[in-house]
Amino acid sequence: MGTKTVSSFQTERLLSLDLFRGLTMFLLVAEGTGLWSVLVREPVAGTFLEPFFRQFHHHSWNGLHFWDLVQPFFMFIVGVAMPFSYEKRLKHGASKSQITKHIVQRSVILLALGVGLHCVYSRKLVWELWNVLSQLSVTILIAYFLMRYKWTTQVAVSIALLLLTELLYRTFPLEGYNQPFVKDHNFGSWMDMVLMGKINNGGGWVTINCIPTAAHTIWGVVAGQMLRSDRTSKAKLKLLTLMGGVFLLSGYLLDWTAITPIIKRISTSSFVLASGGWALLFLAFSYWLVDIRKHNGWIFPFVVVGMNPIFIYMFFNTVGHQWFNGFVAIFTQGVLNWFSTPEFVVNLLTSLSILTLEWGLCYYLYKKKIFFRI
Numbered sequence: 041m042g043t044k045t046v047s048s049f050q051t052e053r054l055l056s057l058d059l060f061r062g063l064t065m066f067l068l069v070a071e072g073t074g075l076w077s078v079l080v081r082e083p084v085a086g087t088f089l090e091p092f093f094r095q096f097h098h099h100s101w102n103g104l105h106f107w108d109l110v111q112p113f114f115m116f117i118v119g120v121a122m123p124f125s126y127e128k129r130l131k132h133g134a135s136k137s138q139i140t141k142h143i144v145q146r147s148v149i150l151l152a153l154g155v156g157l158h159c160v161y162s163r164k165l166v167w168e169l170w171n172v173l174s175q176l177s178v179t180i181l182i183a184y185f186l187m188r189y190k191w192t193t194q195v196a197v198s199i200a201l202l203l204l205t206e207l208l209y210r211t212f213p214l215e216g217y218n219q220p221f222v223k224d225h226n227f228g229s230w231m232d233m234v235l236m237g238k239i240n241n242g243g244g245w246v247t248i249n250c251i252p253t254a255a256h257t258i259w260g261v262v263a264g265q266m267l268r269s270d271r272t273s274k275a276k277l278k279l280l281t282l283m284g285g286v287f288l289l290s291g292y293l294l295d296w297t298a299i300t301p302i303i304k305r306i307s308t309s310s311f312v313l314a315s316g317g318w319a320l321l322f323l324a325f326s327y328w329l330v331d332i333r334k335h336n337g338w339i340f341p342f343v344v345v346g347m348n349p350i351f352i353y354m355f356f357n358t359v360g361h362q363w364f365n366g367f368v369a370i371f372t373q374g375v376l377n378w379f380s381t382p383e384f385v386v387n388l389l390t391s392l393s394i395l396t397l398e399w400g401l402c403y404y405l406y407k408k409k410i411f412f413r414i
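Below is the structure:
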């Protein structure tokens, strides 16, 4: 990972992408503080607010919570940014072969970071590939090598990847792993045994998700190319909305008709379509609100977080979990306990304090024009 210091910040940007990326990262940072866990405990538990805050937790299996969209959003956003980054590098004199070399190196670094995070979680050396960064190391390669083709070809390949996944799950014959939509007994779990010698017991997550979710990054690239095109703003908005609506409806129809259930943990085709549809629609809404209607005065707090996405993601997953959260809690809990503050309030204010301080770190880097890139 390198550090890039820029002397002047670009003002001509796709602000809707900055908002989308920043909001996604802000939500992830909030999770790293434990905020979403606090908000489903007593006294919230059992009230009308609990179902709302449960949306900030993954669905246990068949179904879709808001939080199940965050990883697809993350992978989609990376795709949207790729055409802009590609053209910028070309303008700065990089050759296509140099850009390709950079993408390959980036994938290797993302894989290393993803595996490294699992070592941090386990507090020992492990070989595990379930992290979003490990998944992304594959999806950006697939999306990059498809960028040179027209958008219809890119979409066709993405649908082919979903069909391939359907075929593998539905036809895999090995006993014990031939139940396509049963947790820990499907093709994805078998692949985990091949790749890692273990399965994600209890969680049901599988590494082979990188194949179907490559569609998210591919669709992001298509959306980015569309936004960079000479089409009118109205035409861009219409195409994003139409594409998002078609994918969203297709995903939910597959689930409602019991053809393919929406299961995030194994990234079924219905899940990828539905979540990809939501990503496209959210981008379309952001584009309309921020870039067309120019209602952008309020987005700054999110943009600040989104300017260093990999850095802040790594920070709250390593330093945050290992030390910073506990360090902040020493002071918040110590002071609040003097006043016999209820446990819920103590935990809530602790999470909010951590969130504020981590946002402050992002703001400091932003003001200093320091942006971490890989």
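Everything in the sequence shown is counted per the working numbering, starting at 41 for the first residue and increasing by one. The beta carbon of each residue, even a glycine, is placed where N, CA and C say it ideally should be.
Roughly how many angstroms separate the alpha carbons of residue i and residue j, rounded to a whole number?
{"i": "Gln-50", "j": "Leu-153", "result": "In this prediction, Gln-50 scores a pLDDT of 40, lower than 50, which makes its location untrustworthy; the coordinate-derived value is nonetheless stated afterwards. Each residue's alpha carbon lies about 28 Å from the other."}
{"i": "Tyr-223", "j": "Val-118", "result": "The amino acid at residue 223 is misidentified as Tyr; the sequence shows Lys. Distance between the alpha carbons of Lys-223 and Val-118 is about 29 Å."}
{"i": "Gly-42", "j": "Thr-381", "result": "Any reading at Gly-42 must be qualified, since the residue scores a pLDDT of 47, below 50, and its modelled position is unreliable; no value is offered."}
{"i": "Lys-276", "j": "Met-236", "result": "43 Å"}
{"i": "Leu-176", "j": "Gly-284", "result": "21 Å"}
{"i": "Thr-87", "j": "Asn-365", "result": "28 Å"}
{"i": "Trp-170", "j": "Leu-151", "result": "10 Å"}
{"i": "Phe-322", "j": "Gln-373", "result": "38 Å"}
{"i": "Thr-247", "j": "Leu-293", "result": "26 Å"}
{"i": "His-158", "j": "Thr-272", "result": "45 Å"}
{"i": "Ser-48", "j": "Phe-411", "result": "Any reading at Ser-48 needs caution, since the residue's pLDDT is 36, under 50, leaving its predicted position unreliable; the model's value is listed next. Answer to the nearest angstrom: the Cα atoms are 12 Å apart."}
{"i": "Val-345", "j": "Tyr-403", "result": "7 Å"}
{"i": "Leu-376", "j": "Arg-81", "result": "19 Å"}
{"i": "Gly-337", "j": "Arg-61", "result": "16 Å"}
{"i": "Trp-328", "j": "Lys-274", "result": "9 Å"}
{"i": "Pro-301", "j": "Phe-379", "result": "50 Å"}
{"i": "Asp-270", "j": "Val-286", "result": "23 Å"}
{"i": "Ser-100", "j": "Leu-395", "result": "26 Å"}
{"i": "Ser-326", "j": "Leu-203", "result": "30 Å"}
{"i": "Thr-45", "j": "Phe-351", "result": "Caution applies to Thr-45, whose pLDDT of 38 falls short of 50 and renders its modelled position unreliable; the value that the coordinates give is listed next. Approximately 14 Å, taken between the alpha carbons."}
{"i": "Ser-135", "j": "Ile-339", "result": "35 Å"}
{"i": "Asp-437", "j": "Asn-240", "result": "Given that the chain is displayed from residue 41 to residue 414, the structure contains no residue 437 and the question cannot be resolved."}
{"i": "Ile-333", "j": "Ser-56", "result": "With the sequence shown as reference, residue 333 is identified as Arg, and Ile is not the correct amino acid for it. Rounded to whole angstroms, Arg-333 to Ser-56 spans 11 Å at the Cα level."}
{"i": "Ala-183", "j": "Thr-205", "result": "17 Å"}
If I follow the unbroken beta strand (DSSP E) through residue i, where does it start and stop?
{"i": "Phe-412", "result": "410-413"}
Measuring CA to CA, which of the options is closest to residue i?
{"i": "Thr-358", "options": "Gly-156, Ile-143, Arg-53, Leu-59", "result": "Gly-156"}
{"i": "Phe-221", "options": "Pro-341, Leu-395, Ile-414, Ser-307", "result": "Ser-307"}
{"i": "Gly-316", "options": "Leu-104, Leu-59, Lys-274", "result": "Leu-104"}
{"i": "Val-172", "options": "Pro-112, Lys-128, Leu-376, Gly-133", "result": "Pro-112"}
{"i": "Val-69", "options": "Met-354, Asn-102, Tyr-217", "result": "Met-354"}
{"i": "Gly-242", "options": "Cys-250, Thr-253, Ser-229", "result": "Ser-229"}
{"i": "His-256", "options": "Arg-268, Phe-311, Leu-207", "result": "Phe-311"}
{"i": "Thr-179", "options": "Ser-162, Ile-143, Leu-207, Tyr-161", "result": "Ile-143"}
{"i": "Tyr-126", "options": "Asn-240, Met-187, Ser-290", "result": "Met-187"}
{"i": "Met-122", "options": "Ser-137, Trp-245, Leu-401, Phe-185", "result": "Phe-185"}
{"i": "Arg-163", "options": "Gln-362, Asp-58, Ser-135", "result": "Gln-362"}
{"i": "Val-148", "options": "Val-343, Leu-181, Gly-260", "result": "Leu-181"}
{"i": "Phe-356", "options": "Met-65, Leu-57, Asp-58, Ser-56", "result": "Met-65"}
{"i": "Leu-109", "options": "Leu-89, Leu-313, Leu-388", "result": "Leu-313"}
{"i": "Val-166", "options": "Gln-265, Lys-238, Leu-280", "result": "Lys-238"}
{"i": "Trp-75", "options": "Ala-324, Leu-54, His-97, Pro-91", "result": "In the sequence on display, residue 75 carries Leu and not Trp. Taking only the C-alpha atoms, the option nearest Leu-75 is His-97."}
{"i": "Thr-211", "options": "Phe-227, Val-197, Ile-199, Ala-196", "result": "Phe-227"}
Which residue or residues does DSSP assign as beta-bridge partners of residue i?
{"i": "Asn-102", "result": "Ile-303"}
Go ahead and pull the three-state DSSP assignment for residue i.
{"i": "Gly-62", "result": "helix"}
{"i": "Gly-108", "result": "In the sequence on display, residue 108 carries Asp and not Gly. Asp-108 falls in the helix class under three-state DSSP."}
{"i": "Tyr-404", "result": "helix"}
{"i": "Met-233", "result": "helix"}
{"i": "Ser-417", "result": "Lying before the first or after the last residue shown, residue 417 is absent from the chain, which here runs from 41 to 414."}
{"i": "His-97", "result": "coil"}
{"i": "Phe-325", "result": "helix"}
{"i": "Met-347", "result": "coil"}
{"i": "Pro-83", "result": "coil"}
{"i": "Lys-334", "result": "coil"}
{"i": "Leu-89", "result": "coil"}
{"i": "Asn-249", "result": "helix"}
{"i": "Leu-169", "result": "coil"}
{"i": "Gln-50", "result": "Note that Gln-50 scores 40 on pLDDT, short of 50, meaning its location in the model is unreliable; the coordinates nonetheless yield the value given after this. It is coil, neither helix nor strand."}
{"i": "Tyr-353", "result": "helix"}
Starting from residue i, trace the alpha helix (DSSP H) both ways and give me its first and last residue.
{"i": "His-256", "result": "254-268"}
{"i": "Arg-146", "result": "136-162"}
{"i": "Met-283", "result": "273-296"}
{"i": "Gln-194", "result": "191-211"}
{"i": "Gly-366", "result": "365-378"}
{"i": "Ile-239", "result": "First-last for Ile-239: undefined, no H or E at that position."}
{"i": "Thr-179", "result": "172-186"}
{"i": "Leu-75", "result": "75-78"}
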